[in-house]
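Read through the structure below, which is laid out as structure tokens, and then see the notes.
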Amino acid sequence: MKTRPAGIGNVHADWMGSLPSKLSAMPLKHLAVPGSHDSFTFWVDVHAPVGPDQKVYVKYLATMFSVLAKKVMVRWSMTQNLTFKEQLDAGIRYFDLRVSAKPGEPGNEIYFIHGLFGHKVRDGLLEISSFLVRHRKEVVFLDFNHYYAMEAEHHVYLISMLQEVFGSKLCNNCAVENVTLDYLWEKKYQVIVFYHHPSAQGVPVMWPGNKIPAPWANTTEPIKLIEFLETTLKERDKQGSFHVSQAILTPTVNTVAKGLLWGLRSYLVERNLPTIMSWVEAQRPGVDGVNIITSDFVDLTDFANIVIKLNNLLLSEQNRKPR
Numbered sequence: 005m006k007t008r009p010a011g012i013g014n015v016h017a018d019w020m021g022s023l024p025s026k027l028s029a030m031p032l033k034h035l036a037v038p039g040s041h042d043s044f045t046f047w048v049d050v051h052a053p054v055g056p057d058q059k060v061y062v063k064y065l066a067t068m069f070s071v072l073a074k075k076v077m078v079r080w081s082m083t084q085n086l087t088f089k090e091q092l093d094a095g096i097r098y099f100d101l102r103v104s105a106k107p108g109e110p111g112n113e114i115y116f117i118h119g120l121f122g123h124k125v126r127d128g129l130l131e132i133s134s135f136l137v138r139h140r141k142e143v144v145f146l147d148f149n150h151y152y153a154m155e156a157e158h159h160v161y162l163i164s165m166l167q168e169v170f171g172s173k174l175c176n177n178c179a180v181e182n183v184t185l186d187y188l189w190e191k192k193y194q195v196i197v198f199y200h201h202p203s204a205q206g207v208p209v210m211w212p213g214n215k216i217p218a219p220w221a222n223t224t225e226p227i228k229l230i231e232f233l234e235t236t237l238k239e240r241d242k243q244g245s246f247h248v249s250q251a252i253l254t255p256t257v258n259t260v261a262k263g264l265l266w267g268l269r270s271y272l273v274e275r276n277l278p279t280i281m282s283w284v285e286a287q288r289p290g291v292d293g294v295n296i297i298t299s300d301f302v303d304l305t306d307f308a309n310i311v312i313k314l315n316n317l318l319l320s321e322q323n324r325k326p327r
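Residue numbers for the sequence shown follow this note's numbering, so the first one is 5 and each next one is one higher.
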């Protein structure tokens, strides 16, 4: 399977700004938006301690076998190959973010995490901000949905960091139905931050997690995944929230044991991607359709391009409506 199809590059760096006016006037909750799962895992640190998000037995193995065990963990922790900038250039606009402090480390530094620690959050945010400065009509969803080893002061630090890095680009929490690209462009908003923690209550630019449900199938079987995606789409709230379809498979302990040296990409993702992508291609956005769709290893297929093109169905629907 090719690792860098034609869709990867900066071909979709300005796709939102290039949408026809009929689409930029629609609520963003009705558009199809490509996203990445565990968005920051293009690099993890094998020399740092195992993350506090891991189960006790994983921490024990990593302690016993140290770097060797962590190198195996890397194969199962990494869900993306592309940096933030590369994902943005490819058209990804939703980022699934899990963060942690390092237990015992002085100060309030926060890191991305998935089994192993990744980059400092500040570095990732600055990379995203730099892209947005160059692409003024592009809008990103930053979904901070898991926190580990974080006390009240860590949350204060992270929320302040988000406000400092993005400033006036941050969209105030408001009715989801009012959020169109036209509205965001008029206000010069480019970032919608979802903060799934009580610490953000009362901060106008932090959106609550219940405005972006992302139901999780938690299965290794593509057929069960697709059934789950179909069911949760039918149950999608008609008002008040965006919606994330997580088109991802989740390894069990048994899966990892069987494919230990293969890793997530080779053992689980690549062999099942054709089935999952067939489902994605068959979707339509709109009132009862998909909104944000996330995938592992977004560069293995023309994922972002396929999702973005779904929006053309909204145009053809509008053209068929009687005048």
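For each residue, glycine too, the CB sits at the ideal point set by N, CA and C.
In this text the structure is predicted, and so the values were computed from the model without any measurement.
Span of the alpha helix (DSSP H) around Gln-91: It spans 88 to 94 - the alpha helix (DSSP H) in which Gln-91 sits, taken as one unbroken run.
Nearest neighbour of Val-48, chosen from Leu-319, Leu-318, Lys-173, Lys-124 [CA to CA]: Check the Cα spacing between Val-48 and each of Leu-319, Leu-318, Lys-173, Lys-124: the tightest is with Lys-124.
Every unbroken beta strand (DSSP E) inside the stretch 144 to 191 [3 residues or more]: As summarised for the stretch 144 to 191, the continuous beta strand (DSSP E) elements at least 3 residues long and confined to that stretch are 144 to 152, given in chain order.
Neighbour-count burial assignment, Asn-176, 16 or more Cβ in a 10 Å radius: Result: exposed.
Distance CB(Thr-305)-CB(Leu-268) smaller than 8 Å: Cβ distance not < 8 Å, so Thr-305 and Leu-268 don't count as in contact.
Three CB pairs or more closer than 8 Å across the stretch 156 to 163 and the stretch 82 to 101: Too few Cβ pairs lie closer than 8 Å, so no.
Reference Thr-223, options Arg-240, Val-209, Thr-256, closest by Cα: The shortest CA-to-CA distance from Thr-223 to any of Arg-240, Val-209, Thr-256 is the one to Thr-256.
Distance, Gly-39 Cα to Tyr-61 Cα: At Tyr-61, the pLDDT of 43 sits below 50, so the modelled position is not reliable and the matter cannot be decided from this model.
Gln-91 burial status per 10 Å Cβ neighbour count (16 or more: buried): Label assigned to Gln-91: buried.
Contact the stretch 208 to 221 vs the stretch 183 to 190: 3+ CB pairs below 8 Å: The stretch 208 to 221 vs the stretch 183 to 190: no contact.
Helix, strand or coil at Phe-307 [DSSP, three-state]: Phe-307 falls in the helix class under three-state DSSP.
Element boundaries [alpha helix (DSSP H), containing Phe-246]: If you look at Phe-246, you'll find it isn't in any alpha helix (DSSP H); DSSP assigns it neither H nor E.
Short Cβ contact (8 Å threshold) for Ala-179 with Pro-107: No, they are not a contact pair.
Other residues of its chain near Val-273: CB distance less than 6 Å, five sequence neighbours each side excluded: Only Asp-300, Phe-301 meet the Cβ criterion.
Ala-94 versus Val-137, Pro-289, Trp-19, residue with shortest Cα-Cα distance: The candidate whose alpha carbon is nearest that of Ala-94 is Trp-19.
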